[in-house]
Amino acid sequence: MARLSKDIDSAFHGVGTKGGLEIWCIENCQPVPIPKPSFGKFYSGNAYIVLNTVLPKTGPPQHDIHYWLGNAANEVDSLSASDKALELDAALGCCTVQYREVQGQETEKFLSYFKPCIIPVEGKYSSEPVLADQTYQISLLMCKGDHAIRVKEVNFCRSSLNHDDVFILDTASKIFLFAGCNSSTQERAKALEVVEYIKDSKHEGRCHVATIEDGKFVGDSDVGEFWSFFGGYAPIPRESSSASQEQFDTTQAKMFWIDTQGKLHPTGSCSLNKEMLEKNKCYMLDCGGEVFIWMGRNTTITERKTSISASEDFLRREGRSFDVHLTFLTEGLENAKFRSFFDSWPQTVESTLYTEGREKVAAIFKQQGYDVKELPDEEDEVEPYMNCQGTLKVWRRDGDELSLLPIPDQTKFFSGDCYIVQYTYPFSGRDEHLFYVWIGCESMQQDRVDAISHLSAVVASTKGEPVMAQIYQGNEPPRFFPMFQSLVVFKGGMSKRYMMFLEEKENKDELSTENKASLFRVQGTSPKNMQAIQVDSASTSLNSSYCYILTNGASIFTWIGSLSSASDHDLLDRMLYFIDPSWQPISVREGSEPDTFWDLLGGKAEYPKEKETRRQVEEPHLFTCSCSSDDIKVKEIYNFVQDDLTTEDVLLLDCQSEVYVWIGLNSKVNSKQQALTLGLKFLEMDILEEGLSKDTPICVVTEGHEPPFFTRFFEWDSTKANMHGNSFERKLASLKGKKTSTETSGGSHWRSYSRENTSNGSRSRSVPSTGVSPGANQNLSSLRSADDQSASSQPPIARKLSLGAYPMDAIEEPSPDVETSKENLLAEVDAGLDSLTYSYQRLRVDSQEPVTGIDVARREAYLSKEEFEERFKMTKAEFYTLPKWKQNKLKMSLHLF
Numbered sequence: 000m001a002r003l004s005k006d007i008d009s010a011f012h013g014v015g016t017k018g019g020l021e022i023w024c025i026e027n028c029q030p031v032p033i034p035k036p037s038f039g040k041f042y043s044g045n046a047y048i049v050l051n052t053v054l055p056k057t058g059p060p061q062h063d064i065h066y067w068l069g070n071a072a073n074e075v076d077s078l079s080a081s082d083k084a085l086e087l088d089a090a091l092g093c094c095t096v097q098y099r100e101v102q103g104q105e106t107e108k109f110l111s112y113f114k115p116c117i118i119p120v121e122g123k124y125s126s127e128p129v130l131a132d133q134t135y136q137i138s139l140l141m142c143k144g145d146h147a148i149r150v151k152e153v154n155f156c157r158s159s160l161n162h163d164d165v166f167i168l169d170t171a172s173k174i175f176l177f178a179g180c181n182s183s184t185q186e187r188a189k190a191l192e193v194v195e196y197i198k199d200s201k202h203e204g205r206c207h208v209a210t211i212e213d214g215k216f217v218g219d220s221d222v223g224e225f226w227s228f229f230g231g232y233a234p235i236p237r238e239s240s241s242a243s244q245e246q247f248d249t250t251q252a253k254m255f256w257i258d259t260q261g262k263l264h265p266t267g268s269c270s271l272n273k274e275m276l277e278k279n280k281c282y283m284l285d286c287g288g289e290v291f292i293w294m295g296r297n298t299t300i301t302e303r304k305t306s307i308s309a310s311e312d313f314l315r316r317e318g319r320s321f322d323v324h325l326t327f328l329t330e331g332l333e334n335a336k337f338r339s340f341f342d343s344w345p346q347t348v349e350s351t352l353y354t355e356g357r358e359k360v361a362a363i364f365k366q367q368g369y370d371v372k373e374l375p376d377e378e379d380e381v382e383p384y385m386n387c388q389g390t391l392k393v394w395r396r397d398g399d400e401l402s403l404l405p406i407p408d409q410t411k412f413f414s415g416d417c418y419i420v421q422y423t424y425p426f427s428g429r430d431e432h433l434f435y436v437w438i439g440c441e442s443m444q445q446d447r448v449d450a451i452s453h454l455s456a457v458v459a460s461t462k463g464e465p466v467m468a469q470i471y472q473g474n475e476p477p478r479f480f481p482m483f484q485s486l487v488v489f490k491g492g493m494s495k496r497y498m499m500f501l502e503e504k505e506n507k508d509e510l511s512t513e514n515k516a517s518l519f520r521v522q523g524t525s526p527k528n529m530q531a532i533q534v535d536s537a538s539t540s541l542n543s544s545y546c547y548i549l550t551n552g553a554s555i556f557t558w559i560g561s562l563s564s565a566s567d568h569d570l571l572d573r574m575l576y577f578i579d580p581s582w583q584p585i586s587v588r589e590g591s592e593p594d595t596f597w598d599l600l601g602g603k604a605e606y607p608k609e610k611e612t613r614r615q616v617e618e619p620h621l622f623t624c625s626c627s628s629d630d631i632k633v634k635e636i637y638n639f640v641q642d643d644l645t646t647e648d649v650l651l652l653d654c655q656s657e658v659y660v661w662i663g664l665n666s667k668v669n670s671k672q673q674a675l676t677l678g679l680k681f682l683e684m685d686i687l688e689e690g691l692s693k694d695t696p697i698c699v700v701t702e703g704h705e706p707p708f709f710t711r712f713f714e715w716d717s718t719k720a721n722m723h724g725n726s727f728e729r730k731l732a733s734l735k736g737k738k739t740s741t742e743t744s745g746g747s748h749w750r751s752y753s754r755e756n757t758s759n760g761s762r763s764r765s766v767p768s769t770g771v772s773p774g775a776n777q778n779l780s781s782l783r784s785a786d787d788q789s790a791s792s793q794p795p796i797a798r799k800l801s802l803g804a805y806p807m808d809a810i811e812e813p814s815p816d817v818e819t820s821k822e823n824l825l826a827e828v829d830a831g832l833d834s835l836t837y838s839y840q841r842l843r844v845d846s847q848e849p850v851t852g853i854d855v856a857r858r859e860a861y862l863s864k865e866e867f868e869e870r871f872k873m874t875k876a877e878f879y880t881l882p883k884w885k886q887n888k889l890k891m892s893l894h895l896f
């Protein structure tokens with residue numbers, strides 16, 4: 000499609016040159032850039048365009064365009080957002096994938112851009128400054144999801160609550176988290192992230208947090224206070240009020256082609272194949288819950304706009320307009336979900352479109368001082384991300400026996416055998432263990448089964464939580480070979496089963512006349528990482544990218560490929576010396592081989608002479624995994640971070656060349672063998688349609704013992720990896736750990752506290768630690784967090800005031816001794832109030848001249864004695880003996896809460 004500047008809005012010139020997000024709001028049918036501090040704040044009365052750019056280590060930039068439609072957005076803005084998204088695609092060389100996002104039905108990919116969530120705001124966005132409303136509006140939010148969380152404001156009433164979801168009640172001075180009894184631990188933990196986000200963004204970190212568990216009403220003051228906002232406690236109906244999403248039948252996809260007039264024509268075929276898609280047409284693939292618009296490479300912007308409008312009209316007529324995800328794909332950028340509906344689709348996506356798009360956007364990148372062509376064609380192999388000075392042990396599996404190899408034999412493998420490798424290295428102050436089962440390409444099936452089974456037994460009996468990996472010859476991960484530094488892999492085998500196999504073939508005369516010559520391909524990256532792999536002694540085994548060693552005992556040749564490098568030649572010399580220092584080879588270069596050389600290989604034949612290039616490495620993909628009976632279900636986590644590794648889950652990290660199975664300590668997977676089986680099933684599923692082989696390496700990693708070659712895919716914080724408890728308890732502990740506790744002169748901590756039952760049935764106050772409090776063992780407990788400001792930065796009287804008020808809140812039926820203590824504290828506080836009192840009008844939450852630097856949860860304490868009694872009709876001492884929920888009810892009536 001021709002890229003015409005007149006078809007593209009000037010707001011999109013030069014975009015997409017840097018990684019990350021760019022956002023525009025549609026105002027008067029024009030895209031207006033949104034400043035970065037406002038990212039994630041979407042108004043329900045507007046339509047937005049969101050561009051996400053990823054700059055991979057190899058290959059061209061990758062772009063995703065989302066246009067978001069608010070529930071109250073008008074039709075004109077919605078249509079403009081759709082059209083402008085296509086113009087943005089054209090500006091980026093027509094190399095983007097586009098998505099329609101409807102408020103409340105956003106894709107998880109879209110939600111993943113905004114951590115921890117987006118909370119749509121009522122009204123419309125304005126690029127002009129707007130005077131903020133000083134009155135704090137109480138809101139009730141419903142949270143759904145365990146990784147990508149959807150947050151929706153619901154009516155502030157008891158009927159909005161249900162047992163299946165997690166709710167957040169946001170008030171002026173406290174945030175409550177209410178967890179439905181049927182909600183999962185992961186959902187509760189994720190909702191705590193939303194609580195923390197609200198606390199920091201809307202309260203500047205200065206408010207209290209309480210967690211309420213559904214169905215537990217034991218006189219806790221936070222529970223009473225929570226229900227007081229709803230007019231008192233009442234049971235929630237057992238019927239779920241959470242609307243379940245309509246399930247669509249996706250077994251039969253229907254495809255239509257769309258003409259230039261916007262009319263849909265069924266293709267009339269039940270079987271779909273790639274050849275049906277023509278470059279000069281647009282198509283709609285209706286899969287039920289998701290609809291794809293496929294746009295041929297030769298279609299124009301006008302034709303694409305027509306096809307999108309026609310598809311939206313079709314869904315509107317069927318009453319499915321807002322319940323269906325719309326995805327727009329340009330030819331060559333088809334995703335795995337789309338390709339899965341076709342009977343015959345090449346495993347490898349065409350690279351020509353990437354090349355064309357790269358050329359189209361090159362000029363834009365050069366304007367920004369960045370040249371696409373400067374990107375490397377291949378990813379430099381990284382070092383193995385571990386200490387290569389560890390200790391090595393190697394066993395060979397032979398029938399029912401496991402033989403430990405002597406050190407000289409540890410660097411000699413046979414392709415007909417299976418080996419178990421243990422590598423021990425120091426890391427983080429302790430010894431870590433890696434266990435591999437290496438499966439030779441010619442090994443017997445029963446030897447493979449026995450080796451894997453024996454590996455699982457060895458790992459289970461090893462102290463700690465070692466990493467376990469299954470690898471096949473020819474698919475070794477980069478970190479495997481450096482453990483040996485130098486390794487030679489011979490053809491043939493030493494195991495009993497392999498020898499019996501050879502004997503059977505010999506008896507049946509199935510053994511061909513063996514060429515007595517041996518041919519070794521030399522490979523590697525450095526003298527500490529080099530291998531000689533024996534290949535078939537035939538000319539077809541040669542490759543111009545490598546160097547080889549050819550010997551028949553009497554003669555020794557080294558063959559240097561025309562595309563090999565100087566470092567390859569150095570490795571060739573070193574490997575010769577490693578195999579046999581006495582060898583004196585005849586060195587030949589490609590193209591000048593003597594006849595004797597070809598005779599040893601059985602004659603000259605064609606072989607690969609092009610530069611061997613590696614497959615373009617895509618970004619890794621993280622999946623959650625749930626299993627039932629023999630089936631597993633996986634769901635991708637987009638833009639994943641370390642916090643997505645939740646301890647209750649088993650997750651799969653697909654790196655294409657290798658798959659990691661991560662086991663959470665609180666997951667239902669009880670053994671590494673079980674995790675390995677999940678990895679094998681994942682390879683069979685090939686979710687991303689990337690042609691995963693069953694020989695792809697699988698590495699099993701346990702939470703808390705993640706090796707560096709796994710953590711390199713995350714921005715890793717080792718302190719998070721060493722926490723205890725379930726995911727909710729960890730988030731709770733993390734939230735508490737961020738708060739600064741302060742001490743009075745007597746050493747008591749009052750700014751935050753937790754409560755537990757004592758032997759006499761009363762409640763005691765304890766200093767919260769950075770770990771999980773006793774109350775958190777029940778998953779949900781009351782959490783009273785202190786202000787982020789340390790008490791040392793407050794005036795002395797403010798410290799005394801805030802510290803003195805807390806104990807009295809926890810006492811509902813005070814004993815005489817406690818009452819005396821309260822009176823002493825009040826007297827201590829009142830002594831300084833003459834110098835720290837404010838008028839009622841300035842202390843109100845809706846005040847036009849609000850007081851700063853006070854404890855906003857204790858506004859009433861700053862009233863003078865006379866004004867307090869005038870407003871509350873009681874003394875302060877009488878007020879503080881009331882239950883907490885009753886105190887707050889009185890303060891709300893006076894706009895002090």
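The numbers in numbering that gives the first Met the number 0 rise by one with no breaks, and the one at position 182 of the sequence shown is 181. Idealized CB from N, CA, C, for every residue including glycine.
Beta carbon of residue 396 nearer than 8 Å to that of residue 324:
no
Bounding residues of the alpha helix (DSSP H) (the contiguous stretch that carries residue 445)
444-459
On the CB-based measure, 16 or more other CB atoms within 10 Å of its CB, does residue 59 come out buried or exposed?
buried
Could you please give me the residues that DSSP links to residue 419 through a beta bridge?
394 and 436
Here's the rule: buried if 16 or more other CB atoms are within 10 angstroms of the residue's CB, otherwise exposed. What is residue 406?
exposed
Could you check the C-alpha separation between residue 354 and residue 699 for me, to the nearest Å?
Low per-residue confidence applies at residue 354: pLDDT is 45, beneath 50, and the placement is therefore not dependable, though the value from the model is reported in the following sentence. Their backbone Cα atoms lie some 37 Å apart in a straight line.
Around the Cβ of residue 630, are there at least 16 other Cβ atoms within 10 angstroms (buried) or fewer (exposed)?
exposed
Enclosing alpha helix (DSSP H) for residue 570 [first to last residue]
565-578
Decide if the stretch 96-107 is in contact with the stretch 146-157; the criterion is three or more beta carbon pairs, one per stretch, under 8 Å apart.
yes
Test item: CB-CB of residue 421 and residue 434 under 8 Å:
yes
Contact set for residue 26: own chain, Cβ-Cβ below 7 Å, skip 5 residues either direction:
126
In chain order, what residues of the same chain have a beta carbon less than 8 Å from the beta carbon of residue 399, not counting five sequence neighbours either side?
449
Comparing alpha-carbon positions, which option in 701, 81, 505 and 658 lies nearest residue 683?
658
Cβ contact (3+ pairs, closer than 8 Å) linking the stretch 495-508 and the stretch 558-569:
no
So the beta strand (DSSP E) residue 904 belongs to, where does it begin and stop?
What is shown of the chain runs 0 to 896, which leaves residue 904 out entirely.
Under the three-state DSSP convention, the category residue 117 falls into:
coil
C-alpha distance - residue 136 paired with residue 640, whole-angstrom precision:
33 Å
Could you name the residues that DSSP lists as bridge partners for residue 413?
489
Beta-bridge partners of residue 138, as assigned by DSSP
169
I'd like to confirm the pairing. Which residues does DSSP put opposite residue 523 in its beta bridges?
529
Mind the definition here: the stretch 183-198 touches the stretch 267-281 only if three or more C-beta pairs lie below 8 Å; say whether that holds.
no
Opening and closing residue of the beta strand (DSSP E) in which residue 63 lies
61-68
At which residues does the alpha helix (DSSP H) containing residue 937 begin and terminate?
Past the boundaries of the shown model lies residue 937; the chain is included only from 0 to 896, so the question cannot be answered.
Are the beta-carbon atoms belonging to residue 81 and residue 66 less than 8 Å from one another?
yes
Alpha carbon to alpha carbon, what distance is there between residue 530 and residue 539?
20 Å
Hey, residue 34 and residue 23 are a contact pair by Cβ (cut 8 Å); roughly how many whole angstroms apart?
Not confirmed; about 11 Å, so no contact.
Going by DSSP, what residues sit across from residue 399 in a beta bridge?
DSSP lists no partner for residue 399.
Can you list, in chain order, the residues of its chain whose CB lies under 8 Å from that of residue 677, leaving out five sequence neighbours each side?
624, 626, 631, 649, 651, 660 and 668
For the candidate residues 621, 554, 480 and 460, whose alpha-carbon lies nearest to that of residue 596?
554
Residue 840 at chain B interface by Cβ criterion, 8 Å
The chain inventory of the structure shown lacks chain B, comprising one protein chain alone.
Need the endpoints of the alpha helix (DSSP H) that residue 681 sits in, please.
671-684
Using the Cβ count rule (16 or more neighbours within 10 Å means buried), how would you classify residue 890?
buried
Cut-off 7 Å between Cβ atoms - residues of its own chain near residue 905, not counting five sequence neighbours on either side
Residue 905 is absent from the structure shown; the chain starts at 0 and stops at 896.
The beta strand (DSSP E) that contains residue 588, what's its start and end?
585-588
Going straight from the alpha carbon of residue 908 to that of residue 208, what length do you get?
Examination of residue 908 is not possible in this model, given that the chain is present from 0 through 896 alone.
Measuring only the C-alpha atoms, how far is residue 37 from residue 118?
12 Å
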